[in-house]
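Quick note, the sequence shown lines up with residues 0 to 287 if you use numbering that gives the first Met the number 0.
Even for Gly, the Cβ is constructed at its ideal location relative to N, Cα and C.
The structure appears right after this line, and notes come after that.
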Amino acid sequence: MTHPNPWRAPSKIVLAFTLAFTSVAAPTPALAGPWTKGPGELYVKLGEGAFLSDSFVGPDGKVVKGTKYAGITTSAYFEVGLIKGLQVQGLLPYTIGINTFDDGVTAIRSGGGDMLVGLQASPPLGLPLAARLELKIPLYDVGDSPEFFGSRYPAFGDGQIDVTLWLGAGGSLPGPFYTWGEVGYRFRTEAFIGDGPVDKREFSDSVAWLGQVGWTFYKRMILAVNFIGVMALAGEEDIYTKSYITLGPTVFLPVWRGLAIEAGFDPIVYARNSAPGFSISLGVSYSR
0 MTHPNPWRAP SKIVLAFTLA FTSVAAPTPA LAGPWTKGPG ELYVKLGEGA
50 FLSDSFVGPD GKVVKGTKYA GITTSAYFEV GLIKGLQVQG LLPYTIGINT
100 FDDGVTAIRS GGGDMLVGLQ ASPPLGLPLA ARLELKIPLY DVGDSPEFFG
150 SRYPAFGDGQ IDVTLWLGAG GSLPGPFYTW GEVGYRFRTE AFIGDGPVDK
200 REFSDSVAWL GQVGWTFYKR MILAVNFIGV MALAGEEDIY TKSYITLGPT
250 VFLPVWRGLA IEAGFDPIVY ARNSAPGFSI SLGVSYSR
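Shown next as structure tokens:
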């Protein structure tokens, strides 16, 4: 969820960096956009996010209803330009998942979430076009669940390695407006970190997308709307692969010499094999 450097290229498109955290029920990906950093250019963000729902995903990989769930995630995200037209990027999250049940029981887990590592390239055409290869590496073992409460504990994610190939493009709209979008194909594997689940789980490949329409106004402030989604390619018989769509606003507020405050709100408007709810985020970013 980033923007091209508005201090480096104010006459071109700029866009907000929105929520950069991974939550248990709705794993929102970091939005890189099709603007690839040049050599020596840098973007980093420290973010805090929360996902709230009346459901959660248990260690068995299925949605459990009838509880109050809160997922609090602290994350660090970065983009670094390597050579002209090539950058590396990554997301490192730490999550605290809290379930509160009607019988008074509270179950809490904490630990690393789904780390993302990506390599993005843009052709030398002078246009905001990019292709990115992204790897998801869980920092947890989905089979390592506390025994006392069992399925009352939330899972941190699906627990296996995924690879996504993204293609993106952006452009200016009339006036101080811009838009960009990315479409990705996600290869879901059954290569689990650690021991993995005791049962056999298979995940369907998925189509993912990221999109944003924004408005730049007073002193390069940005107000934008994000459209994010993942749709599994399997039918109703797939009970594990998550599908969801979020649609919500984000704001980018420059503060001083590359520092900015960023905030977002992402309600889930569609969910399948994924808990419904909404996420909020707040972060501090730096660009140079």
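Among the options, nearest to residue i - alpha-carbon criterion
{"i": "L41", "options": "Q211, G89, R185 and F55", "result": "G89"}
{"i": "G77", "options": "G65, L85, K83 and L91", "result": "Reading off the sequence, residue 77 comes out as Phe, not Gly. Minimum Cα distance to F77 is reached at L91."}
{"i": "V254", "options": "K218, G117, A233 and M230", "result": "K218"}
{"i": "K64", "options": "Q119, S52, S74 and V162", "result": "S52"}
{"i": "L126", "options": "V229, S284, L258 and K36", "result": "K36"}
{"i": "G186", "options": "P196, L45, P175 and V162", "result": "Note on identity: in this sequence residue 186 is Phe, with Gly being the wrong assignment. That would be V162, whose Cα lies nearest to the Cα of F186."}
{"i": "D113", "options": "D101, Y152 and T73", "result": "T73"}
{"i": "L124", "options": "A75, W34 and V116", "result": "W34"}
{"i": "G167", "options": "Q211, K44 and A259", "result": "Q211"}
{"i": "G96", "options": "G57, A75, T249 and T188", "result": "G57"}
{"i": "G170", "options": "L134, E133, V206 and A129", "result": "A129"}
{"i": "F152", "options": "V104, A75, G84 and Q86", "result": "What sits at residue 152 in the sequence shown is Tyr, not Phe. The shortest Cα separation from Y152 among V104, A75, G84 and Q86 belongs to V104."}
{"i": "K135", "options": "G111, S150 and P122", "result": "G111"}
{"i": "F100", "options": "S150, P38 and P122", "result": "S150"}
{"i": "T178", "options": "L222, A207, I82 and G84", "result": "L222"}
{"i": "L85", "options": "L232, A233 and G117", "result": "G117"}
{"i": "D102", "options": "T66, G32, L232 and D194", "result": "T66"}
{"i": "D143", "options": "Y93, D194 and T94", "result": "D194"}
{"i": "Y93", "options": "F216, K83, A75 and V87", "result": "A75"}
Beta-carbon proximity of residue i to residue j, cut-off 7 Å
{"i": "N98", "j": "F155", "result": "no"}
{"i": "T245", "j": "I279", "result": "no"}
{"i": "F356", "j": "E261", "result": "With the chain running from 0 to 287 in the structure shown, residue 356 is simply not present."}
{"i": "W165", "j": "G183", "result": "yes"}
{"i": "I71", "j": "A106", "result": "no"}
{"i": "R131", "j": "Q119", "result": "yes"}
{"i": "G257", "j": "S286", "result": "yes"}
{"i": "L45", "j": "V283", "result": "yes"}
{"i": "T249", "j": "N225", "result": "yes"}
{"i": "L281", "j": "E47", "result": "yes"}
{"i": "P38", "j": "G80", "result": "yes"}
{"i": "V229", "j": "A259", "result": "no"}
Integer Cβ distance of residue i from residue j, believed to fall under 8 Å
{"i": "I227", "j": "A190", "result": "With a Cβ gap of about 25 Å, I227 and A190 do not count as contacting."}
{"i": "Y68", "j": "A274", "result": "7 Å"}
{"i": "Y139", "j": "I192", "result": "7 Å"}
{"i": "F176", "j": "G213", "result": "7 Å"}
{"i": "V141", "j": "N272", "result": "Actually they do not touch by this definition, with Cβ atoms about 15 Å apart."}
{"i": "P173", "j": "G158", "result": "Not a contact, Cβ separation roughly 46 Å."}
{"i": "G60", "j": "P196", "result": "7 Å"}
Identity of the residues DSSP links to residue i by a beta bridge
{"i": "Y177", "result": "S171 and G213"}
{"i": "A296", "result": "Residue 296 lies beyond the stretch modelled for the chain, which goes from 0 to 287, so this question has no answer here."}
{"i": "K44", "result": "Y76 and S284"}
{"i": "W165", "result": "R131 and G183"}
{"i": "F251", "result": "I221 and E261"}
{"i": "N98", "result": "Y68 and A106"}
{"i": "R271", "result": "S242"}
{"i": "P137", "result": "D113"}
{"i": "L90", "result": "Y76 and L115"}
{"i": "L51", "result": "A69 and F277"}
{"i": "F155", "result": "Answer by DSSP bridge pairing: none, since F155 is not bridged."}
{"i": "I82", "result": "L85"}
{"i": "P38", "result": "P38 is not bridged to any residue."}
{"i": "V62", "result": "V56"}
Q. Taking three-plus beta-carbon pairs below 8 Å as touching, is the region 189 to 204 in contact with the region 230 to 245?
A. yes
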